[in-house]
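Protein sequence lines correspond, in order, to chains B and L.
For what it's worth, this note's numbering labels the leading residue of the first sequence as -17, then goes sequentially.
For what it's worth, this note's numbering labels the leading residue of the second sequence as 15, then goes sequentially.
All residues carry an ideal CB built from backbone N, CA and C; glycine is no exception.
Worksheet: the structure to be examined is printed underneath.
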Amino acid sequence: MDLSSRRGVDLFVIFCVFLSLLYGSRAEVPSRPTASVTILPPIKPDNGPQPYPEEEKSNLPVFTMNYSRIQIPFEITLWMLLASFAKIGFHVYPKITFWVPESCLLVSIGLIVGGIMYSVHEKPPAVLTSNVFFLYMLPPIVLDSGYFMPTRPFFENVGTVLWFAVVGTLWNSIGIGMSLFAICQIEAFGVQDINLQENLLFATIISAVDPVAVLSVFEDVSVNEQLYIVVFGECLFNDAVTVVLYSMFSFVTEMPVVEPVDVFLGVARFLVVGLGGMGFGVLFGFVAAFTTRFTSKVREIEPLFIFMYSYLAYLVAELFAISSIMAIVCCALTMKYYVEENVSQRSCTTIRHVVKMLGAISETLIFFFLGVVTITTEHEWNWGYILFTLLFAFIWRGLGILVLTQIINPFRTIPFNTKDQFGMAYGGLRGAISFALAFTLPDNIGRKHLFVTATIVIILFTVFLQGISIRPLIEFINVRRTNRKTDTINIEIHTRLMEHTMAGIEDLCGQWSHYYWKDKFMKFNNRILRRILLRDNRAESSIVALYKKLELQNAIEILDTASGDISAAPSIISLQEEKKNSTKPKKKFLAADLKNMHDILSKNMYKIRERTVSYTSKHALPNDNQRREILIRRHSSIRRSLRPGSFQTRQQIVPKSQKYFSLPPGESLNSRFPPTRQSSADAQETMSEVAYPGRRSRFGNRSSSGAMMPLHRLGTLKEVSSVDFLNESERGSTGRGSQSRPQSLRHHLSADDNNGLVDEMRIRQVEEEEEEEERPQASQPPAWAAEPRDETPQNPLLRRPQWNEKK
Amino acid sequence: MSVQMKQRGSGGGASKSRDLLQVTAQRSRQDSPPPPAGQPLPPLSVRAGEDNLRGGGGGRMGSGSSSLKHIPDGQQLMEETGFSAAHLLRLHERFDFLDKDGRGHLRPEDFEEIRELTENPIGGRIIAAFFPPEKERLDFPSFVRILAHFRPIGKNRSRDRAQPEQANSRTGKLKFAFELYDQDRDGKISREELLQVLRAMLGLQVTEEQLRSIAERAVQEADIDGDGAISFDEFKKSLEKVDMEHKMNIRFLK
Chain B
-17 MDLSSRRGVD LFVIFCVFLS LLYGSRAEVP SRPTASVTIL PPIKPDNGPQ
33 PYPEEEKSNL PVFTMNYSRI QIPFEITLWM LLASFAKIGF HVYPKITFWV
83 PESCLLVSIG LIVGGIMYSV HEKPPAVLTS NVFFLYMLPP IVLDSGYFMP
133 TRPFFENVGT VLWFAVVGTL WNSIGIGMSL FAICQIEAFG VQDINLQENL
183 LFATIISAVD PVAVLSVFED VSVNEQLYIV VFGECLFNDA VTVVLYSMFS
233 FVTEMPVVEP VDVFLGVARF LVVGLGGMGF GVLFGFVAAF TTRFTSKVRE
283 IEPLFIFMYS YLAYLVAELF AISSIMAIVC CALTMKYYVE ENVSQRSCTT
333 IRHVVKMLGA ISETLIFFFL GVVTITTEHE WNWGYILFTL LFAFIWRGLG
383 ILVLTQIINP FRTIPFNTKD QFGMAYGGLR GAISFALAFT LPDNIGRKHL
433 FVTATIVIIL FTVFLQGISI RPLIEFINVR RTNRKTDTIN IEIHTRLMEH
483 TMAGIEDLCG QWSHYYWKDK FMKFNNRILR RILLRDNRAE SSIVALYKKL
533 ELQNAIEILD TASGDISAAP SIISLQEEKK NSTKPKKKFL AADLKNMHDI
583 LSKNMYKIRE RTVSYTSKHA LPNDNQRREI LIRRHSSIRR SLRPGSFQTR
633 QQIVPKSQKY FSLPPGESLN SRFPPTRQSS ADAQETMSEV AYPGRRSRFG
683 NRSSSGAMMP LHRLGTLKEV SSVDFLNESE RGSTGRGSQS RPQSLRHHLS
733 ADDNNGLVDE MRIRQVEEEE EEEERPQASQ PPAWAAEPRD ETPQNPLLRR
783 PQWNEKK
Chain L
15 MSVQMKQRGS GGGASKSRDL LQVTAQRSRQ DSPPPPAGQP LPPLSVRAGE
65 DNLRGGGGGR MGSGSSSLKH IPDGQQLMEE TGFSAAHLLR LHERFDFLDK
115 DGRGHLRPED FEEIRELTEN PIGGRIIAAF FPPEKERLDF PSFVRILAHF
165 RPIGKNRSRD RAQPEQANSR TGKLKFAFEL YDQDRDGKIS REELLQVLRA
215 MLGLQVTEEQ LRSIAERAVQ EADIDGDGAI SFDEFKKSLE KVDMEHKMNI
265 RFLK
């Protein structure tokens, strides 16, 4: 253990050195022109264009370089690359990122690079200006947080989140500002020239918390949902509040006299800015959602709309000088749900990737710069001021959490206990936003250097000390935890039942709260919003979504083993196969049924994914399981190759078949044709019992809950002997499949007798015939797919071909 | 904060005004036939309830029904269920409100008058949960005892210490949920029972086939001993990773 960790550290150091070397060699190119006015010969570009055109006009230059032309984008690209290399480096050895937050590592690399630059008297490129930061670097970060905000817990705790974000930030800013102002009155420190406004401005800067590191720790130890969401939401909205306060105070610092009226105006402005931003955000969110309703024909630019609308919301908010962060966050929150249902699965993946990527790059760069700037910038060190800043930042944060929790607790169903409070208070790391705000302070502030220094100190202090120590501490004090891996259909169903129960009991007690409002909103959402904003506005229950997801996981696993693992022993495949069979008696579905389900499935893939990522770390991609995604893609492509003919007909078939499967409102299927349905199903059920003797004892209890865990395969490898058994069950099931057809026909007949569904049923039969016709031609192109298709017309799922192939 | 407060405010306001509306409507209904003598008029009790909300303790007058003394076995109920006096008073007031004819007990029909509850997909089951088999009457103590399942776990610790196993314990809550499924009360959720609930909850969104396979899958997932049904232990086990304190809790108004 010790040895291995040391090796890891060695490795890390080597890597760092490597990186810095890499940088060193690279830095030659970009930084010279920046730093020096002297144009040195090694850089031909600057010499190049000038002499050639003038002296030898006639000759076409064979080789020219024009560095100044590309300098800025070139350097930015190099910086990004460097930062990204650093990120790769951290993950070479996972233990490092487990114990040391990534932000720490980035800052460290930045410090090293800064040290190198300092030693060769270079200056970092002056890329980070106020405009660049606010217009290009901040939006991706905020969009990232806003887009991946876990929606349900957020709205369940929205009051608390806003309470801590808004009031907490005000509390911190004003508290720290006032206390520092008091300190400034002490002559011994020599900082009397800092006035109240400047102190408040500075306090605002350092009250922006940025607990990325904390969040990833929280996620790892899976602390309770409430704590997580409060810290998450706080960091998000707190940024908004901070920026608003920042712009207010930086305006105020320029005013010669502050009158009491200005304070009231300030409060009013604060509200206008915040609520205005929210309004713009929601507006743009809805517009974006509405737009994606019509993008089905232009899939390739679909993701663009999301970014353009979010950015537009940001810019317009900026135009009116209202809270642009609020706008972009609200925009992301609003549109996410609708957009992800509208856009195709791939667009959805793209959106998520790009949002993550941009956010990560932005933040990486800021932390990296932080490290570089720490070394290279001019500092003004004032022990008293800086130490007191640290002290007050801690005290006010702690006090704030304590007091605010006392106030909010009576309104919460689950009050925060002391440990939660500690987690919240200790999670108050300062980060990228603080640094950027401090760094972009206007130059007319006298003590700007002191402020920058103090901000850097407090960031480094909190990021390193708290960031590293929070994991052991959280584990030590044993904060309430939740298990968030609630991926079983049981939990979903029971949770839903409980929610209904709660709503019912609340009605019974004649009181209205969370469940009541949720219910109301869902109704409004289903009746109005979804109709307007979604192309396909049939409501889908979360239970169904989860079910589909689990089914899909199984399908993918099978794909994985069959086509991915070459070394896969036949037993594995067959076991997967068997497991699939056991977990869902799908064989009794009609072909059209299955097809329908498949279309829903592929259409709902994003939704499925959405549920898996409700807790995503800020730096990890929404779906960490890249392999799975590739498989999804493979899945769909194989599916397409399996039945090329179906694609032309799909457009007509799907809507039709959906018609049959969704019932007319107010009627239950049971009342329609109870006897046949019931009996056929029962017959099949009993048959399935016969067909899979003892399957439950073998596979039942680990069927799906851990579908993603590799555990399965470990367990299944042992059971080689089951091949024969599985073959049998395979045969049995195909037999059963062929039997189910007459049953379904019978059911058609009975339906005909019963009521006026005759036409629809006929269409359905016609459709089935169509399918039958379709199949032969579908089976032609891929030879390996043809065989199974003929055998089992009921089952277009692709696991079949693989199975047969292996056999 | 502001949002939450606003929500709460309007929520409370809506509930109250709704109550009043219903009360007046009901009163006008009652006025046409001669009102039964000796009934505490609903508006009074509502007003008294508000008094209780504010004052908590003394200063109550009239409408004897809302004083703790007049709640049968008030003290004992408090100890048993862990509700505070304010909670009990509020619930009693609600009880009286539901008990339109003042019989002193509730019948299923009284519950069915609550419109939202009838719209609730499992409303019927919830109502049934209040009435033990072959019992059509629900008196106030039983009413409170059942509602006690939904009291948040952590509160009123001082009272909880006396009786470790309360209705609002995790098991108690789970048991309540379990019994919502288990309609034949054989201690097991059969596939069919699960299917019924699913059908009620999902209704029109899915096909019967899908419902079946979902139910099938759920049973297989939870079923450990292989009897094709979910026993309470299996039910508990399948939910062991869910923190119940967030699911089956109501912050009862005081």
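Per the coordinates, the alpha-carbon of F130/B lies some 15 Å from the alpha-carbon of V140/B.
DSSP places A147/B in no alpha helix (DSSP H); its state is neither H nor E. Using a CB distance below 8 Å, the part of the segment 212 to 234 of chain L facing chain B consists of L212, R213, M215, L216, G217, L218, Q219, V220, T221, E222, E223, Q224, R226, S227, I228, E230, R231, A232 and Q234, ordered along the chain. Taking D87/L as reference, the option from A214/L, D198/L, D153/L and R139/L with the minimal CA-CA separation is D153/L. Judged by DSSP secondary structure, K318/B falls within the alpha helix (DSSP H) whose first and last residues are S306 to N324. The DSSP-derived three-state label of V205/B is strand. Within chain B, the residues placing a beta-carbon under 8 Å from that of K261/L are T477, M480, E481 and M484, ordered along the chain. Rounded to whole angstroms, the gap between the alpha carbons of F145/L and K505/B is 30 Å. P132/B and L218/B have their C-alpha atoms some 12 Å from each other. Cα atoms of I390/B and R412/B: separation of roughly 24 Å, rounded to the nearest angstrom. As far as DSSP is concerned, K502/B takes part in no beta bridge.
In terms of Cβ geometry, I123/B and A420/B do not form a close pair [threshold 8 Å]. Between the segment 57 to 66 of chain B and the segment 320 to 337 of chain B, the count of Cβ pairs shorter than 8 Å is below three; the stretches do not touch. Check the Cα spacing between D402/B and each of T387/B, P392/B, T395/B and I415/B: the tightest is with T387/B. Residue S292/B holds the alpha-carbon nearest to the alpha-carbon of G267/B among S292/B, L87/B and L257/B.
Of the residues assessed, T277/B falls on the buried side of the cut-off, its CB having 16 or more other CB atoms within 10 angstroms. Residue-level contact check: P146/L does not touch chain B, since none of the beta carbons of chain B fall below 8 Å from its beta carbon.
The segment 477 to 489 of chain B makes contact with the segment 207 to 215 of chain L; the number of CB pairs closer than 8 Å reaches 3 or more.
Exposure of L247/B is indicated by the presence of fewer than 16 other C-beta atoms within 10 angstroms of its C-beta. In the three-state reduction of the DSSP assignment, R275/B falls in the coil class.
Contact check between the segment 429 to 438 of chain B and the segment 355 to 364 of chain B: three or more CB pairs, one atom from each, fall below 8 Å, which counts as touching. By the rule that beta-carbons nearer than 8 Å mark a contact, P122/L does not touch chain B. Residue-level contact check: A191/L touches chain B, since one or more beta carbons of chain B fall below 8 Å from its beta carbon. Per DSSP, the beta-bridge partners of L152/L are L120/L. Two segments are said to touch when three or more pairs of C-beta atoms, one from each, lie closer than 8 Å; by this definition the segment 230 to 239 of chain B touches the segment 170 to 183 of chain B.
Bridge partners of A243/L according to DSSP: S204/L.
When C-beta atoms of the segment 330 to 340 of chain B are compared with those of the segment 80 to 100 of chain B, fewer than three pairs fall below 8 Å, so the two segments do not count as touching. Separation of the CB atoms of L88/B and F349/B is rounded to 4 Å, and the pair is thereby assigned contact status at 8 Å. Counting only Cβ-Cβ distances below 8 Å, Y529/B has contacts in chain L at Q224, S227, I228 and R231, in chain order. DSSP, reduced to helix, strand and coil, places V461/B outside both helices and strands of the structure shown, so it counts as coil. The segment 303 to 316 of chain B makes no contact with the segment 90 to 98 of chain B, as fewer than three CB pairs between them are under 8 Å. Contact annotation: L112/L and L120/L have beta-carbon atoms nearer than 8 Å. Straight through space, the alpha carbons of L161/L and K251/L are spaced by roughly 24 Å.
Beta-bridge annotation (DSSP): R509/B is not paired with any residue. Inter-segment contact for the segment 359 to 378 of chain B and the segment 156 to 172 of chain B is present: three or more beta-carbon pairs are separated by less than 8 Å. Beta-bridge partners of V191/B (DSSP): R412/B.
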